[in-house]
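Remarks on the structure that follows.
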Amino acid sequence: MDEDHVVSKAMKACPRCFEQVHADAEICRYCRSRIANAKDGQYVRVRAKTGDKIYRGDLFVGKTERISDTINDTRRFIILSNAKEEGKLSDISIGFLALNKDSIESIRLSETDDGKGSNNVRQIY
Ligand SMILES: [Zn+2]
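Here the sequence shown is numbered in our numbering, starting from 1253 and rising by one per residue.
Pasting the structure below:
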């Protein structure tokens, strides 16, 4: 499906106020908080299951953190950028998504964006 290959703008969500800011921004233009930059870590593709919905998106993991640190830290939400909701027929692009950790049943590393990377998926939460 073509929707699966739409490239999102280079934006990311501020981890504090969840507003969309430029991917290279170091200070949020809305709440003025410092934001992790790409050089401070990396984005990893994850697949999260919440109730009856499955989302895929890029989770920012700081340079000194492991993915499990990010998922299990004290923040109530995880932020996924370039997020998609998996639909029965095609995926729905969301852009960015703040997922309440309480609603997440499982979250797994996803090596690829097409759902075919399941051999590489491992349980991390
Ligand atoms: Zn902000």
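Positions of the beta carbon are idealized from the N, C-alpha and C atoms, including for glycine. The model shown is predicted, which means the values in this text are computed figures rather than measured ones.
I'd like to confirm the pairing. Which residues does DSSP put opposite N1352 in its beta bridges?
F1329
Nearest-angstrom beta carbon gap, R1297 and D1310 [assumed within contact, 8 Å]
6 Å
Cross-strand partners of R1286 (DSSP beta bridge):
I1279
Identify whether D1304 lies in helix, strand or coil by the three-state DSSP scheme.
coil
Roughly how many angstroms separate the alpha carbons of F1270 and I1331, rounded to a whole number?
8 Å
Could you check if S1345 is buried or exposed, using at least 16 other CB atoms within 10 Å of its CB as the buried criterion?
exposed
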